[in-house]
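Protein chains in written order, with the numbering used here: chain Z, 8 to 136; chain V, 8 to 136.
The beta carbon of each residue, even a glycine, is placed where N, CA and C say it ideally should be.
To keep things clear, I will list the structure first and then write my remarks on it.
Set out below in structure tokens:
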């Protein structure tokens with residue numbers, strides 16, 4: 008599979024991945040893939056990451072139902088970062104973050120501090136069963 | 008500076024950074040910051056990265072003129088990834104990539120291969136003097 012060999016995996020065999028909502032352009036989250044995760048993602052058409060904390064493949068949405076349908080995959084100029092354009096399923100409005108927010112990037116810098124500026128759309132206790 | 012201490016720097020003292028064009032939502036590039044780079048970015052209001060290849064601070068646009076004015080800084084839920092919303096200066100239409108393209112993410116996956124799908128807006132030989 009040449010396209011997988013084109014990737015410059017880091018010293019841990021991982022690739023940084025940015026997930027962007029295709030329809031809105033919102034950056035939803037950031038995660039990592041290893042070779043197997045990327046192969047599975049292409050095969051399934053749904054985002055499969057490598058969970059560094061759990062040390063295993065993580066089919067996004069497997070517990071929460073918040074599946075990411077992949078609409079476009081873009082590799083950067085150095086072949087070492089991936090951009091996924093996705094349709095974020097499972098909730099309306101869409102939730103990508105484990106805190107129950109739309110996007111993981113909800114802490115805004117202002118006057119020397121980080122402030123949470125996005126609403127929790129669903130209680131995490133009701134996301135994970 | 009508490010807000011810098013809130014960051015979970017990786018084992019190399021770095022933080023992954025996504026640069027997104029504020030006006031269009033386009034993801035322009037991905038880079039890294041160390042503590043000093045982030046402090047300088049906040050101070051200047053312009054993106055200053057840590058160049059891993061050159062081993063020094065890299066004020067984006069210092070050679071190309073393609074400065075990134077920072078409009079918003081967002082930290083993710085794990086405090087270990089930064090999203091910069093920027094105004095990409097120096098060329099119209101805007102160029103963030105060293106290849107002379109608008110975005111670094113110009114290689115699209117299709118039928119088992121990566122295909123360059125964005126135009127070169129300016130010859131890199133004329134970007135770097």
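- In the structure shown, residue 18(Z) falls within a coil segment according to DSSP collapsed to helix, strand and coil.
- In the three-state scheme derived from DSSP, where H, G and I count as helix and E and B as strand, residue 79(V) is classed as strand.
- Shown here, residue 43(Z) sits in a helix according to DSSP, grouped into three states.
- Residue burial is scored here from C-beta neighbours: residue 106(V) has at least 16 other C-beta atoms within 10 angstroms and is therefore classed as buried.
- Comparing alpha-carbon positions, the option among 71(Z), 72(Z), 56(Z) and 73(Z) lying closest to residue 65(Z) turns out to be 56(Z).
- For the pair residue 134(V) and residue 71(V), the CB atoms are nearer than the 8 Å cut-off.
- Listed in chain order, the non-local C-beta contacts of residue 79(Z) below 6 Å within the same chain comprise 92, local neighbours out to five positions each way being set aside.
- Membership of residue 132(V) in the alpha helix (DSSP H) is indicated by the continuous run 131–134.
- Exposure of residue 19(Z) is indicated by the presence of fewer than 16 other C-beta atoms within 10 angstroms of its C-beta.
- Bridge partners of residue 26(V) according to DSSP: 36(V) and 91(V).
- Among the CB atoms of chain V, one or more fall inside 8 Å of the CB of residue 80(Z).
- In the assembly as shown, residue 88(V) is a buried residue. Its beta-carbon has 16 or more other beta-carbons within 10 Å.
- According to the DSSP assignment, residue 64(Z) belongs to the beta strand (DSSP E) that extends over 63–66.
- Listed along chain V is no residue with a C-beta nearer than 9 Å to that of residue 21(Z); the closest approach is about 11 Å.
- Any Cβ of chain V closer than 8 Å to the Cβ of residue 102(Z) would place that residue at the interface, and such an atom is absent.
- The three-state secondary structure of residue 50(V), taken from DSSP, is helix.
- Bounds of the beta strand (DSSP E) holding residue 122(Z) are 120–123.
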